[in-house]
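Student: Please see the structure below; I have some questions.
In the UniProt record's numbering, the protein residues as written are 1 to 198.
Shown next as structure tokens:
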């Protein structure tokens, strides 16, 4: 008998001697070493990019978190905020921005992406992690809704954007450093050797 077979036969015989039958369904086990589990609580929030100029925030009750978003908007969106209101029936806030950031036209397209980068960073700094993006409304001029999940402790993250434009352009917006930018440009040049870089 080889070493493995010898080990296996010893293990099988000791397992048969020490194994107790499992409890039947409905029978409480008196030898459980598990503590009762604590209920898990997950807080989720949503940012909805409404129409061509709105940012709707849903289910973010902390005023300091709402203020972090508003500060990011004020810092980055140069045309400014046209109005602010509560979202009926929810713990929510909506900002109406000047201009049309979600139309994706000209210079507003880059600034709109930069705005989202800064909002995502502000949310991560106060403990909201990007969870998923979904299209909930299916309305013609509405964009995706972005779902965030509350985490403790906060894990601050930095974001940047890669966007595809006008059928023949790709942009990197706010890369964290020159190494990331250069790696991106190198990857594009490998795939498209005759591309122009601005």
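Idealized CB from N, CA, C, for every residue including glycine.
Using DSSP bridges, identify the partner residues of residue 120.
Tutor: Residue 120 is not bridged to any residue.
Student: Hey, out of 136, 143 and 128, whose CA is closest to residue 151's CA?
Tutor: 128
Student: Quick check for students: name the residue ranges of the alpha helix (DSSP H) that lie wholly in the region 98-178, counting only runs of 4 or more.
Tutor: 106-125
Student: Considering only residues of the same chain and omitting the five flanking positions on each side of residue 197, which have a CB-CB separation below 7 Å?
Tutor: 185, listed in sequence order.
Student: Need the endpoints of the beta strand (DSSP E) that residue 62 sits in, please.
Tutor: Here residue 62 belongs to no beta strand (DSSP E), and DSSP marks it neither H nor E.
Student: Any idea if residue 115 is buried or exposed, counting beta-carbon neighbours within 10 angstroms, 16 or more meaning buried?
Tutor: buried
Student: Quick one: is residue 108 buried, meaning 16 or more other Cβ sit within 10 Å of its Cβ, or exposed?
Tutor: buried
Student: Taking the beta strand (DSSP E) that residue 50 belongs to, which residues open and close that run?
Tutor: 44-50
Student: Rounded to whole angstroms, what's the CA-CA distance from residue 110 to residue 172? Just pull it up for me.
Tutor: Each residue's Cα considered, the two are about 10 Å apart.
Student: With residue 83 as the anchor, note down where its beta strand (DSSP E) starts and where it stops.
Tutor: Looking at the DSSP string, the run of the beta strand (DSSP E) that includes residue 83 is 81-86.
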